[in-house]
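*Asks:* For the record, the sequence lines run as chains A and B. Here the working numbering = 1-based position in the first sequence + 201. Here the working numbering = 1-based position in the second sequence + 201.
2 protein chains.
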Amino acid sequence: MDLNLNILKKNGLSVTEGRKKILDLFLDTEGALAHADIEKQTDAAFDRVTVYRTLQTFVDKGIIHQIPTIDNSILYALCKHNCEAGLHHDNHVHFICNICTKTICLDDVTVPDVKLPKGFKPTQSAMVVTGICDECR
Amino acid sequence: MDLNLNILKKNGLSVTEGRKKILDLFLDTEGALAHADIEKQTDAAFDRVTVYRTLQTFVDKGIIHQIPTIDNSILYALCKHNCEAGLHHDNHVHFICNICTKTICLDDVTVPDVKLPKGFKPTQSAMVVTGICDECR
DNA sequence: AAGATATTTGCAATATTGTTGCAAGTTTTA
DNA sequence: TAAAACTTGCAACAATATTGCAAATATCTT
Numbered sequence: 202m203d204l205n206l207n208i209l210k211k212n213g214l215s216v217t218e219g220r221k222k223i224l225d226l227f228l229d230t231e232g233a234l235a236h237a238d239i240e241k242q243t244d245a246a247f248d249r250v251t252v253y254r255t256l257q258t259f260v261d262k263g264i265i266h267q268i269p270t271i272d273n274s275i276l277y278a279l280c281k282h283n284c285e286a287g288l289h290h291d292n293h294v295h296f297i298c299n300i301c302t303k304t305i306c307l308d309d310v311t312v313p314d315v316k317l318p319k320g321f322k323p324t325q326s327a328m329v330v331t332g333i334c335d336e337c338r
Numbered sequence: 202m203d204l205n206l207n208i209l210k211k212n213g214l215s216v217t218e219g220r221k222k223i224l225d226l227f228l229d230t231e232g233a234l235a236h237a238d239i240e241k242q243t244d245a246a247f248d249r250v251t252v253y254r255t256l257q258t259f260v261d262k263g264i265i266h267q268i269p270t271i272d273n274s275i276l277y278a279l280c281k282h283n284c285e286a287g288l289h290h291d292n293h294v295h296f297i298c299n300i301c302t303k304t305i306c307l308d309d310v311t312v313p314d315v316k317l318p319k320g321f322k323p324t325q326s327a328m329v330v331t332g333i334c335d336e337c338r
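1. Examine chain A for any beta-carbon lying closer than 8 angstroms to the beta-carbon of B:D296, and answer yes or no.
2. So does the region 296 to 303 of chain B actually touch the region 294 to 302 of chain A, counting three or more Cβ pairs closer than 8 angstroms?
3. Less than 8 angstroms separating the beta-carbons of A:G263 and A:A237?
4. With distances taken from CA atoms, which of A:F247, A:G232, A:K322, A:Q242 is nearest A:C280?
5. List in chain order: all unbroken alpha helix (DSSP H) runs of 4+ residues lying wholly within the region 244 to 331 of chain A.
6. Between which two residues does the alpha helix (DSSP H) holding A:L369 run?
7. So, using beta-carbon positions, are A:D335 and B:P313 closer together than 8 angstroms?
8. Hey, A:L214 and A:T258 are a contact pair by Cβ (cut 8 angstroms); roughly how many whole angstroms apart?
9. When you check each C-beta in the region 304 to 323 of chain A against every C-beta of chain B, which residues fall closer than 9 angstroms?
10. Nearest to B:A235 by alpha carbon, out of B:D261, B:T270, B:L288?
11. Exposed or buried, which one is B:R220 when buried takes at least 16 other CB atoms within 10 Å?
12. Measure the C-alpha to C-alpha separation of B:I333 and B:V250 and round it to an integer number of angstroms.
13. Can you tell me where the alpha helix (DSSP H) with B:L214 in it begins and where it stops?
14. Does the beta-carbon of B:Y253 have 16 or more other beta-carbons within 10 angstroms, so that it is buried, or is it exposed?
15. Give every residue of the same chain whose Cβ lies closer than 6 angstroms to the Cβ of B:L307, excluding the five residues on either side of it in the sequence, and list them in chain order.
16. Closest to A:N212 by CA distance: which of A:K241, A:R338, A:I265 is it?
17. Can you list, in chain order, the residues of its chain with a C-beta nearer than 7 angstroms to that of A:I208? Leave out the 5 residues immediately preceding and following it.
18. Does the CB of A:R220 have a neighbour CB from chain B at under 8 angstroms?
19. Answer yes or no: does any C-beta atom of chain B fall closer than 8 angstroms to that of A:Q242?
20. On the three-state DSSP scale, how would you describe A:A235?
21. So is B:D238 in contact with chain A if we call contact Cβ pairs under 8 angstroms?
22. Leaving out five residues on either side along the sequence, give the residues of the same chain with a beta carbon under 6 angstroms from the beta carbon of A:C337.
23. Please return the same chain residues whose Cβ sits closer than 7 angstroms to the Cβ of B:E240, not counting the five positions on each side in sequence.
24. Does B:N212 come within less than 8 angstroms of chain A when only Cβ atoms are used?
25. Using a beta-carbon distance below 8 angstroms, is B:C334 in contact with chain A?
26. Shortest alpha-carbon distance to A:A327 belongs to which of A:Q267, A:L256, A:D229?
27. Taking only beta-carbon positions, decide if A:A327 is within less than 8 angstroms of chain B.
28. In whole angstroms, give me the CA-to-CA distance for A:L276 and B:L276.
29. Would the beta-carbon of B:L204 fall within 8 angstroms of that of B:L226?
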């Protein structure tokens, strides 16, 4: 059975062309994707709305996660570790290259714990590092 | 001389009503502001475009900085440490409260250094922690 | 202090991005 | 294979962001 099919079924999702195609894109992509990337790389085969809804569904199911960025854009990337529906525990650092502008999941670099002031209870933390990636230097 | 006036002049900016008012807002606000907050709190006294341009100018001059968020929104906060034009070195952790949804600059919590894989050169890093803040618990 | 120059503002138009309801189409279930 | 459940695309809409340009305002110069 295909990998994408497998993932969709495991999460109780109907298997449709759009979901298979978009999931494939993520499986084939090193790094993160924005909504616009997906539209472009699928040749607008699917309606914008479908892409939005598919991404939201994948996030809800814990298949992909959102990455915080400093500009106004949402980036998505595959969850490498089994995230349950509604509960993500991706804990790796994301790197944004200033030259090629790619966002790369540094799966081996975990977000360090920080000591918060009294009264703050953390549930999730994210870290984004910008700079020059290994391919652009 | 007023503090806001001082800041504007130091950065070689013309002193206008809009800039004074918006800068005052930041000086009076604990935490971060979104474009929408500013419109609301100035009673739409200024055109949306003016607010956009003012924020951009302040970022360029190193007066305020942008905060990465996981949803599609840009947040701005005062730079507490003297940032030069075009080069920000705010290095504190940002905390987003899941209950009151405020974003708080934890000025005393610095972003820890992480060891990146070979070939990656960092220039800036940001850390966002979500959870429950000291006032909401 | 007043006019010349430079900068900023507001408006209008336009672009981009994201959301919702609903009917038609597709997938799953039994 | 038919019924039920779910997904898609369309259309309309809403929110957010950008640009050019003329009018208004601030700064500079003397």
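We put the CB at the ideal spot given by N, CA and C, even for glycine. Quick caveat: nothing in here was measured; it's all calculated off a predicted structure.
*Replies:* Put simply:
1. It is worth fixing the name first, because residue 296 of chain B is Phe in this sequence and not Asp. So yes, B:F296 belongs to the interface.
2. no
3. no
4. A:G232
5. 249 to 262
6. The first residue shown for chain A is 202 and the last is 338, placing residue 369 of chain A beyond what the model contains.
7. no
8. 7 angstroms
9. I305, L307, D309, V310, T311, V312, P313, D314, V315, K316, L317, P318, K319, G320, F321, K322, P323
10. B:T270
11. buried
12. 34 angstroms
13. No alpha helix (DSSP H) contains B:L214, which DSSP labels as neither H nor E.
14. exposed
15. H293, V294, F296
16. A:I265
17. L224, I264
18. no
19. no
20. strand
21. no
22. C298, I300, C301
23. R249, V252
24. no
25. yes
26. A:Q267
27. yes
28. 17 angstroms
29. no
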